[in-house]
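Visitor: Pasting a structure below so you can have a look.
Residue numbers (my numbering): 5 to 298.
Structure representation (structure tokens):
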């Protein structure tokens with residue numbers, strides 16, 4: 005059981021960290037709930053219910069934050085075009101500009117602090133250890149690509165599909181080709197982490213002006229059953245819809261049962277099935293499609 009000394013030590017650390025990292029200056033002077041909402045909205049239009057879940061915030065408080073951002077011209081709330089019972093929130097142009105400014109200021113502030121440290125790597129690792137100690141089970145987070153991620157994605161696809169489905173190296177070569185064709189100007193990628201460890205990834209690839217493709221969904225065995233796949237697929241759907249695509253498609257095989265069930269739950273429908281021999285096996289290649297807007 006925590007003692008009074010423990011409580012005081014935590015409070016002392018919080019005061020020290022807040023001051024040392026400049027969290028009361030510049031962009032951080034805006035209330036934390038507003039900063040977190042702006043960050044989530046910077047990732048794309050989202051439903052209010054999803055925003056509340058992501059932030060673990062009281063509904064009343066979230067409503068007040070959104071109203072304040074609307075008054076400032078930074079956010080816009082609307083009825084979902086897909087479900088009149090739901091409301092969506094998106095950043096206005098002014099909101100996107102404000103967040104970009106805040107994000108740049110925050111990065112500059114932290115960069116200056118880290119540059120003064122004799123060993124920034126040691127400090128960052130200590131932060132990760134502290135996070136893991138506070139949340140033993142780990143919290144699922146998504147981030148953008150970093151160097152090495154595409155190589156990891158190819159490697160893990162090759163290893164896991166060989167072990168679990170008996171696929172040969174031609175499948176790994178296919179994933180390598182997809183990774184090589186990834187265009188950061190038109191495509192998006194997300195890497196899922198739990199406790200700072202990579203546990204999944206997914207790509208959203210531009211096909212044409214009206215169609216995007218969901219590609220290379222990966223969930224590590226140790227993370228299955230924790231909502232990683234659902235989160236990754238939902239993120240791609242939200243991004244594709246916010247980007248103005250009319251249709252989202254994907255390619256899979258009939259023997260990949262867990263993935264197929266996930267796609268069905270997300271609203272995808274089977275549009276094409278073709279028997280073929282690939283990756284060392286006979287199977288049925290499938291194309292699934294999701295309509296994002298009329």
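All residues carry an ideal CB built from backbone N, CA and C; glycine is no exception.
CA-CA distance, residue 13 and residue 6?
Guide: 11 Å
Visitor: By a C-beta neighbour count over all protein chains shown, 10 Å radius and 16 as the cutoff for buried, is residue 106 buried or exposed?
Guide: buried
Visitor: Suppose you measure from the CA of residue 284 to the CA of residue 160; what does that come to, to the nearest Å?
Guide: 18 Å
Visitor: Please state if the CB of residue 288 and the CB of residue 277 are separated by a distance shorter than 7 Å.
Guide: yes
Visitor: Pick helix, strand or coil for residue 18, following the three-state DSSP scheme.
Guide: helix
Visitor: Among all the DSSP beta bridges, which residues are the ones paired with residue 255?
Guide: Residue 255 is bridged to 291.
Visitor: Please go through the same chain and pick out, in chain order, the residues whose beta-carbon is closer than 7 Å to the beta-carbon of residue 244, but skip the five residues on each side of it.
Guide: 208, 216, 252, 296
Visitor: Any idea what DSSP makes of residue 200, helix, strand or coil?
Guide: Collapsing the DSSP output to three states places residue 200 in coil.
Visitor: Can at least three beta-carbon pairs, one atom from the region 32 to 48 and one from the region 87 to 103, be found at a separation below 8 Å?
Guide: yes
Visitor: Would you check if the distance between the CB atom of residue 223 and the CB atom of residue 204 is smaller than 7 Å?
Guide: A contact, by the Cβ cut-off of 7 Å.
Visitor: Check whether the region 72 to 84 and the region 104 to 118 touch, using three or more Cβ-Cβ pairs below 8 Å as the test.
Guide: no
Visitor: Opposite residue 279 in the DSSP bridges: which residues?
Guide: 288
Visitor: From residue 99 to residue 37, what distance separates their C-alpha atoms?
Guide: 15 Å
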